[in-house]
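Participant:
Numbering (my numbering), first residue to last: 734 to 973.
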């Protein structure tokens with residue numbers, strides 16, 4: 734059973750920029766809250782490159798013609814989880830650009846299937862994907878996230894997952910972060926290369942984090958001006 738004691742998180746941006754909001758208005762009184770939780774072990778997740786996936790400048794004439802989607806190259810960052818001592822952990826992804834996907838609004842857990850015919854991560858179709866933000870009211874595109882070749886404490890391990898509402902853990906040959914199973918929320922973890930499927934207690938884990946994005950049909954984009962990709966997600970680390 735998963736025991737969510739506390740969370741650490743890191744942000745993943747697909748060509749995103751962070752801006753500061755306006756300062757709140759002054760008030761005559763203010764509340765101070767002191768809250769927190771105590772975890773037996775401290776773990777810190779980090780992403781290489783500051784968590785930014787940068788596709789640079791994409792020229793309009795390089796987009797697929799007509800009513801076709803444009804699949805962009807795959808990009809890979811490195812995700813590291815460092816803990817003060819061995820502990821079982823899991824990871825969830827939270828879509829930061831809800832209801833911006835080209836094919837429709839997100840399902841309850843924040844993702845939607847990729848458009849028909851869009852193949853991501855070397856051939857997968859109908860993957861759960863998140864939106865790349867809006868250009869005005871126009872939906873820019875979408876992306877999927879896949880964990881690759883995880884290594885825990887110097888030993889190769891497998892990606893494991895637990896679906897919300899279903900007891901136990903399973904393994905898969907991929908490390909997709911947006912749930913590919915009935916599009917239900919789920920948690921990723923890591924287990925031994927053979928044998929048990931239960932999560933391992935880890936102290937240090939390194940895995941590739943692959944992002945594969947696609948752009949909406951050229952006919953759905955305003956190509957008379959620059960269009961800024963604006964995907965954003967948060968990877969939440971959960972103690973199990």
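The beta-carbon is built from N, C-alpha and C at its ideal position, and this holds for glycine as well.
With a 10 Å radius around its C-beta and 16 neighbouring C-beta atoms as the bar for buried, classify residue 957 as buried or exposed.
Facilitator: Sequence index remark: in the chain shown, residue 957 carries index 224 (1-based). The residue in question, residue 957, is exposed, as its Cβ has fewer than 16 Cβ neighbours within 10 Å.
Participant: To test your reading of the DSSP string, which unbroken beta strand (DSSP E) runs of 3 or more residues are found completely within the segment 876-917?
Facilitator: Whole beta strand (DSSP E) segments, 3+ residues: 891-896.
Participant: Please report how far the alpha carbon of residue 754 lies from the alpha carbon of residue 847, in whole angstroms.
Facilitator: In the chain shown, counting from the first residue as 1, residue 754 sits at position 21. In the chain shown, counting from the first residue as 1, residue 847 sits at position 114. Only weak support is given to the placement of residue 754: the predicted model assigns it a pLDDT of 35, under 50, and the value that follows is read from those uncertain coordinates. So the alpha carbons of these two residues sit roughly 32 Å apart.
Participant: Hey, residue 858 and residue 947 are a contact pair by Cβ (cut 8 Å); roughly how many whole angstroms apart?
Facilitator: On the chain shown, position 125 is the one that residue 858 refers to. On the chain shown, position 214 is the one that residue 947 refers to. So it is not a contact: roughly 12 Å between Cβ atoms.
Participant: What's the C-alpha gap between residue 890 and residue 952?
Facilitator: Start at 1 with the first residue of the chain shown, and residue 890 comes out as number 157. Start at 1 with the first residue of the chain shown, and residue 952 comes out as number 219. Straight-line Cα distance between these residues: approximately 44 Å.
Participant: Looking at C-alpha atoms only, which residue of 931, 930, 832 is the closest neighbour of residue 874?
Facilitator: Translated into positions along the chain shown, residue 874 becomes position 141. For residue 874, the nearest C-alpha among the options comes from 832.
Participant: Expressed to the nearest angstrom, what Euclidean distance is found between the alpha-carbon atoms of residue 906 and residue 959?
Facilitator: For the purposes of this step, residue 906 is taken as the residue at position 173 of the chain shown. For the purposes of this step, residue 959 is taken as the residue at position 226 of the chain shown. The alpha-carbon atoms of residue 906 and residue 959 are separated by roughly 38 Å.
Participant: Taking the CB atoms as reference points, tell me whether residue 886 and residue 949 lie closer together than 7 Å.
Facilitator: If you number the chain shown from 1, residue 886 lands on position 153. If you number the chain shown from 1, residue 949 lands on position 216. Cβ distance not < 7 Å, so residue 886 and residue 949 don't count as in contact.
Participant: Looking at the structure shown, is residue 742 part of a helix, part of a strand, or coil, going by DSSP?
Facilitator: As a working note, residue 742 is residue 9 in the chain shown. Strand.
Participant: Buried or exposed for residue 845, please, with buried defined as at least 16 other CB atoms from any protein chain shown within 10 angstroms of its CB.
Facilitator: Walking along the chain shown from the start, residue 845 turns up at place 112. Under this definition residue 845 is a buried residue.
Participant: Measure how close the beta-carbons of residue 784 and residue 744 come, nearest whole angstrom, since I'm counting them as under 8 Å.
Facilitator: On the chain shown, residue 784 is found 51 positions in, with the first residue counted as 1. On the chain shown, residue 744 is found 11 positions in, with the first residue counted as 1. Confirmed, Cβ separation roughly 5 Å.
Participant: Ignore the nearest five residues each way along the sequence and tell me which others in residue 809's own chain have a CB closer than 8 Å to its CB.
Facilitator: To locate residue 809, count along the chain shown from 1; it is residue 76. Taken in chain order, the residues that qualify are 881, 941, 942, 943, 944.
Participant: Looking only at its chain, what residues have a beta carbon closer than 6 Å to the beta carbon of residue 939, apart from the 5 residues adjacent to it on each side?
Facilitator: Against the chain shown, residue 939 aligns to sequence position 206. Only 813, 884 meet the Cβ criterion.
Participant: Identify every residue that forms a DSSP beta bridge with residue 777.
Facilitator: Along the chain shown, read from residue 1 onward, the residue named residue 777 stands at position 44. Note: residue 777 sits in a beta bridge opposite 815.
Participant: Assuming residue 826 contacts residue 777 (C-beta within less than 8 Å), just tell me the rounded distance between them.
Facilitator: For this step, residue 826 is matched to residue 93 along the chain shown. For this step, residue 777 is matched to residue 44 along the chain shown. With 8 Å as the limit, residue 826 and residue 777 do not qualify as a contact, their Cβ atoms being about 17 Å apart.
Participant: Less than 7 Å separating the beta-carbons of residue 932 and residue 924?
Facilitator: Start at 1 with the first residue of the chain shown, and residue 932 comes out as number 199. Start at 1 with the first residue of the chain shown, and residue 924 comes out as number 191. Cβ atoms of residue 932 and residue 924: closer than 7 Å.
Participant: Could you check which residue in 779, 888, 830 has the C-alpha nearest to that of residue 992?
Facilitator: The chain is shown from 734 up to 973; residue 992 falls before or after that span and cannot be answered.
Participant: Does DSSP put residue 931 in a helix, a strand or coil?
Facilitator: If you number the chain shown from 1, residue 931 lands on position 198. Here residue 931 sits in coil by DSSP.
Participant: Helix, strand or coil: how does DSSP classify residue 859 here?
Facilitator: As a working note, residue 859 is residue 126 in the chain shown. Three-state DSSP puts residue 859 in coil, outside helix and strand.
Participant: Going by C-alpha to C-alpha distance, which of 911, 839, 903 sits closest to residue 930?
Facilitator: If you number the chain shown from 1, residue 930 lands on position 197. The option with the nearest alpha carbon to residue 930 is 903.
Participant: What residue range does the beta strand (DSSP E) around residue 844 cover?
Facilitator: Working through the chain shown from its first residue, we reach residue 844 at position 111. No beta strand (DSSP E) contains residue 844, which DSSP labels as neither H nor E.
Participant: Given a cut-off of 7 Å on the beta-carbon distance, is the pair residue 895 and residue 861 in contact?
Facilitator: Reading the chain shown from its first residue, position 162 is the one you call residue 895. Reading the chain shown from its first residue, position 128 is the one you call residue 861. No, Cβ-Cβ distance for residue 895 and residue 861 is not below 7 Å.
Participant: According to the neighbour-count rule (16 or more other Cβ atoms, all chains shown, within 10 Å of its Cβ), is residue 888 buried or exposed?
Facilitator: For the purposes of this step, residue 888 is taken as the residue at position 155 of the chain shown. It counts as exposed.
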